[in-house]
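Below is one structure; the comments refer to it alone.
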Amino acid sequence: MGLVSTSYELIGRILYTDIYNERGTLLLGAGKMLTAKDIDSLLTNRIFEIAVKGTAYEMKPIDNIAPELLHQIDEAWNYDLEMAVIYKETLSGIKDLLGKIQEGEQANIQEILTRFFPLIKHALEHRHVFHPLHTLKGKDEYTYRHSINVGLLSALIARLLGLPDEVCIEVGEAGLFHDIGKLEIPDEILNKPATLNNEEREMMRKHTQYGYALLRKFPNLPKSLADVALLHHERLNGTGYPFGLRHENIPLSVQIVSVADKFDALVSDRVYREKVSPFDAAAVLWNAQFTGLMNPAVVTPFVTYMIESYIGSKVRLSNGQEGVIVRYNHQEPLRPLIQTDKGSFTKLDVERDVQIVEVL
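Under UniProt numbering, the first residue of the sequence shown is numbered 1, with each subsequent residue one higher.
This is the structure we're talking about:
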């Protein structure tokens with residue numbers, strides 16, 4: 001295989017051979033998908049020619065996901081092709097896996113965890129990848145997207161809480177399978193575009209117990225994954241289900257996944273409503289910690305991280321103006337300082353009737 005010039009056009013291509021620097025230290029291993037950071041490293045080390053082969057996506061065509069959604073994923077992570085490729089492959093894999101389970105076929109659940117691991121690892125190392133999770137539009141593959149997103153967000157929250165890497169990964173895996181019990185719920189209930197009646201609501205609530213029973217069938221999985229599937233709708237004040245547990249009786253991993261689940265559900269299009277902005281979703285979580293539903297020790301670090309990560313982002317305000325978030329407000333995180341397109345500043349903690357309604 002011939003050599004090609006090292007350039008940023010090679011992002012997403014697969015390295016054909018190991019690359020060493022002048023001191024003989026391995027820089028990049030064969031089979032590595034090249035990123036912008038890799039190209040930087042190669043050029044810094046004066047490696048101007050390398051051998052590559054096709055992209056990972058070209059090598060693994062995906063035919064079970066709507067082309068429009070695949071295109072959206074590529075657009076959302078156009079600055080991080082590695083993330084786009086891993087996300088699409090994981091999405092395709094979990095759709096296949098859940099489909100097999102639903103049909104009663106033999107399913108290798110460890111295979112999807114193996115696929116999901118590099119996605120968690122990449123996301124934890126590059127936290128900027130979380131924004132595009134909530135730019136995807138439409139209801140296509142919602143169940144599978146939601147599973148992945150909750151897994152990634154759960155791992156992020158665990159990391160924000162300072163938990164060890166192995167715990168972050170296990171919490172992320174629990175998030176991935178938190179709703180697996182919905183495979184047992186009839187489609188007419190899952191996809192009903194109107195409010196569920198009492199009977200349908202009771203049926204929907206059983207997905208937690210179904211999920212626990214299903215995951216316990218896989219002896220190699222940690223029991224904590226099944227516990228999260230069973231308990232992720234419990235709330236600290238005892239108003240949740242299925243047992244009405246309170247406070248310390250709800251494991252931390254469950255509390256983490258509950259926050260991730262609520263946030264992603266709010267910022268995603270559903271059959272019965274359109275998605276809300278990340279700021280509206282953060283406001284729901286923020287209020288939930290004061291009404292006894294969710295743990296402030298979990299909610300506050302996540303909301304703080306999320307708002308801070310949007311500094312520099314363009315937003316639309318409820319008064320119709322557009323501007324950029326320029327400063328985080330430690331006293332009221334949901335009310336940062338905005339510099340409008342006209343050059344003036346809007347202090348949301350002063351102008352109480354103005355809110356952020358959309359991230360542009």
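Where is the CB? At the ideal position from N, CA and C, for every residue including glycine.
Quiz item: For L28, which of helix, strand or coil comes out of DSSP?
Solution: Residue state, collapsed to three classes: strand.
Practice problem: Assuming L215 contacts L231 (C-beta within less than 8 Å), just tell me the rounded distance between them. | Solution: The beta-carbon distance between L215 and L231, rounded to whole angstroms, is 12 Å. This is too long to meet the 8 Å contact definition.
Quiz prompt | Beta-carbon gap between T90 and I148 smaller than 8 Å | solution = Closer than 8 Å, so yes.
Quiz item: Which parts of the stretch 252–309 are runs of the alpha helix (DSSP H), unbroken and 4 residues or longer, counting only runs that do not cross its ends?
Solution: As far as the stretch 252–309 is concerned, its whole alpha helix (DSSP H) runs of at least 4 residues are 252–266, 278–290, 296–309.
Quiz item: From the DSSP output, which residues share a beta bridge with I148?
Solution: For I148, which the question treats as bridged, DSSP gives no partner whatsoever.
Quiz prompt | Coil, strand or helix - T195 by DSSP | solution = In this structure, T195 counts as coil in the three-state DSSP scheme.
Quiz item: Hey, V259 and L285: beta-carbon distance below 8 Å or not?
Solution: Contact flag set, yes.
Quiz item: Between the C-alpha atoms of F116 and E173, what's the straight-line distance to the nearest angstrom?
Solution: Cα to Cα, F116 sits roughly 8 Å from E173.
Quiz item: Is it the case that the Cβ atoms of P132 and A194 are separated by a distance below 8 Å?
Solution: Going by C-beta atoms, P132 is not nearer than 8 Å to A194.
Quiz item: Which stretch, first to last residue, makes up the alpha helix (DSSP H) that contains I62?
Solution: From DSSP, I62 is part of no alpha helix (DSSP H); its letter is neither H nor E.
Quiz item: DSSP on E135, reduced to helix/strand/coil?
Solution: With the sequence shown as reference, residue 135 is identified as Thr, and Glu is not the correct amino acid for it. Coil, per DSSP.
Quiz item: Could you give the distance in angstroms between the alpha-carbon of E82 and the alpha-carbon of L15?
Solution: Going by the C-alpha atoms only, they are around 13 Å apart.
Quiz item: Shortest alpha-carbon distance to E9 belongs to which of E234, L27, M33, E184?
Solution: The candidate whose alpha carbon is nearest that of E9 is M33.
Quiz item: In the structure shown, what three-state DSSP assignment does F117 receive?
Solution: Residue state for F117 is assigned as helix, using DSSP reduced to three classes.
Practice problem: Please state whether DSSP places G5 in a helix, a strand or coil. | Solution: As written in the sequence, residue 5 is Ser, which differs from the Gly given in the question. Residue state, collapsed to three classes: strand.
Exercise. Quick one: measure Cβ to Cβ for I325 and P333, integer angstroms, because I've assumed they're closer than 8 Å.
Key: About 11 Å; that fails the 8 Å criterion.
Quiz item: Is the Cβ-Cβ distance between N64 and D96 less than 8 Å?
Solution: Yes, Cβ-Cβ distance for N64 and D96 is below 8 Å.
Exercise. Starting from the Cα of K137, find the closest Cα among V315, Y328, S277 and give me that residue.
Key: The residue from V315, Y328, S277 with its alpha-carbon nearest to that of K137 is S277.
Self-check item: Rounded C-alpha distance that separates T346 from R327
Solution: Going by the C-alpha atoms only, they are around 11 Å apart.
Quiz prompt | Backbone secondary structure at V350 - three-state DSSP | solution = Reduced to three states, the DSSP call for V350 is coil.
Quiz item: Do you know offhand how far L160's Cα is from G312's?
Solution: Here the alpha carbons of G312 and L160 stand approximately 21 Å from one another.
Exercise. Under 8 Å by Cβ, that's how I've got residue 364 and V257 pegged, so tell me the actual separation to the nearest angstrom.
Key: Since the first residue of the chain shown is 1 and the last is 360, residue 364 is not available in this structure.
Quiz item: How long is the line joining the alpha carbons of L43 and S5, rounded to whole angstroms?
Solution: Distance between the alpha carbons of L43 and S5 is about 10 Å.
Exercise. Report, in whole angstroms, the separation of the C-beta atoms of I19 and I47, which I expect to be a contact under 8 Å.
Key: Going by Cβ atoms, the distance from I19 to I47 rounds to 6 Å, so yes, they are a contact pair.
Quiz item: What is the DSSP secondary structure of I47, counted as helix, strand or coil?
Solution: Coil.
Quiz item: Bridge partners of G323, per DSSP?
Solution: Its beta-bridge partners are V315, T340.
Quiz item: Based on Cα-Cα distance, which residue from K217, E308, I250, Q331 lies nearest to M294?
Solution: Closest by alpha carbon: I250.
Quiz prompt | Range of the contiguous beta strand (DSSP E) that encloses V357 | solution = It spans 356–359 - the beta strand (DSSP E) in which V357 sits, taken as one unbroken run.
Exercise. Return helix, strand or coil for R335, following the three-state DSSP convention.
Key: In this structure, R335 counts as coil in the three-state DSSP scheme.
Exercise. Compute the distance between the beta-carbons of H134 and D80, then report whether it is under 8 Å.
Key: The answer is no: Cβ separation not under 8 Å.
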